[in-house]
Ligand SMILES: CC(C)(COP(=O)(O)OP(=O)(O)OC[C@H]1O[C@@H](n2cnc3c(N)ncnc32)[C@H](O)[C@@H]1OP(=O)(O)O)[C@@H](O)C(=O)NCCC(=O)NCCS
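Given below as structure tokens:
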């Protein structure tokens, strides 16, 4: 079903999710593998970011992943930089509740948003960027059908070392052929 898999449901992110997002945004363990500029953010800065960048954008759609049944929010998935003319967008996923890592929730969340992007929005292409040390995410994206398309060498400085940022993408027909449809 659209927006619903066996264990995950996507609901639209709202202003009321600001505090939840603030908690995830300030968790260095979560942000280590996803945020190019680690920092601690005051609530006012998060409010501003949510209002203007996440919810205020005409070219972004963000959804909170909740565990079905108990409705516990576990993470966020977004399509950003949506280009309606060229039918493409960038994909982001962050599971903020760490006890949900490594249990397949990420795979379900990615499939749900890609199903929406390809079967409903009729996008032609979805791309993403991932840090080269994020083996779990790269494996997940590859399993789902993303291919490596490029590599920005040494563009992330983390823990005192340089890392590459890998560019991945999947086309609508490739996604359909993979038959990972969960709706
Ligand atoms: C990255 C993230 C979305 C992955 O979601 P997840 O629910 O933890 O991952 P899944 O359980 O769906 O597992 C994905 C795959 O990685 C594999 N995996 C798990 N741990 C791994 C590790 N340390 N190294 C390599 N692969 C690993 C799993 O076995 C699975 O592959 P399989 O289905 O072939 O067995 C999630 O961990 C997360 O949000 N992390 C913090 C923020 C982040 O890194 N976001 C992504 C930024 S690009």
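Residue numbers (the numbering used here): 1 to 183. Glycine is no exception: its CB is placed at the ideal position from the N, C-alpha and C atoms.
Among the options, which has the Cα closest to the Cα of residue i?
i: residue 163; options: 172, 173, 152; result: 152
i: residue 149; options: 36, 136, 130, 158; result: 130
i: residue 69; options: 95, 117, 6; result: 6
i: residue 175; options: 157, 156, 117; result: 117
i: residue 177; options: 144, 106, 99, 109; result: 144
i: residue 43; options: 24, 34, 57, 33; result: 24
i: residue 33; options: 96, 108, 90; result: 96
i: residue 40; options: 156, 92, 133, 22; result: 22
i: residue 89; options: 52, 58, 132; result: 58
i: residue 103; options: 2, 173, 67, 92; result: 67
Are the beta-carbon atoms belonging to residue i and residue j less than 8 angstroms from one another?
i: residue 20; j: residue 73; result: yes
i: residue 8; j: residue 112; result: yes
i: residue 10; j: residue 84; result: no
i: residue 77; j: residue 60; result: no
i: residue 94; j: residue 30; result: yes
i: residue 14; j: residue 47; result: no
i: residue 120; j: residue 2; result: yes
At a cut-off of 7 angstroms, is residue i close to ligand 2 when judged by its beta-carbon and the heavy atoms of the ligand?
i: residue 95; result: Looking at this structure, you won't find ligand 2 anywhere; what it does contain is ligand 1.
Exposed or buried, residue i, counting other C-beta atoms within 10 Å across all chains shown (16 or more means buried)?
i: residue 161; result: exposed
i: residue 123; result: buried
i: residue 146; result: buried
i: residue 28; result: exposed
i: residue 181; result: Note that residue 181 has pLDDT 47, beneath the 50 cutoff, so the model's placement of it is unreliable and the number below is only indicative. It is exposed - the Cβ of residue 181 has fewer than 16 other Cβ atoms within 10 Å.
i: residue 183; result: Because residue 183 carries a pLDDT of 45, less than 50, the predicted location of this residue cannot be relied on, and the following value inherits that uncertainty. Counting Cβ neighbours within 10 Å, residue 183 comes out exposed, since fewer than 16 surround it.
i: residue 195; result: With the chain covering only 1 through 183, there is no way to say anything about residue 195.
i: residue 37; result: exposed
i: residue 154; result: exposed
i: residue 91; result: buried
i: residue 50; result: buried
If I follow the unbroken alpha helix (DSSP H) through residue i, where does it start and stop?
i: residue 109; result: 105-115
i: residue 89; result: Residue 89 -> not in any alpha helix (DSSP H); beta strand (DSSP E) instead, spanning 88-95.
i: residue 51; result: Neither: residue 51 is in no alpha helix (DSSP H) and is coded neither H nor E.
i: residue 20; result: 18-25
i: residue 29; result: 28-31
Considering just the uninterrupted stretch of the beta strand (DSSP E) at residue i, what are its terminal residues?
i: residue 207; result: Any answer about residue 207 is impossible in this case: the structure gives the chain only from 1 up to 183.
i: residue 168; result: 161-171
i: residue 130; result: 125-131
i: residue 12; result: 8-12
i: residue 61; result: 61-67
i: residue 156; result: 147-158
i: residue 77; result: 73-83
How many whole angstroms separate the CB atoms of residue i and residue j, which I take to be in contact at a CB cut-off of 8 angstroms?
i: residue 170; j: residue 110; result: Actually they do not touch by this definition, with Cβ atoms about 10 angstroms apart.
i: residue 168; j: residue 128; result: 5 angstroms
i: residue 138; j: residue 166; result: 7 angstroms
Would residue i pass as an interface residue toward chain C - the criterion being a Cβ-Cβ separation below 8 angstroms?
i: residue 104; result: Within the model displayed, chain C is absent; a lone protein chain is all it includes.
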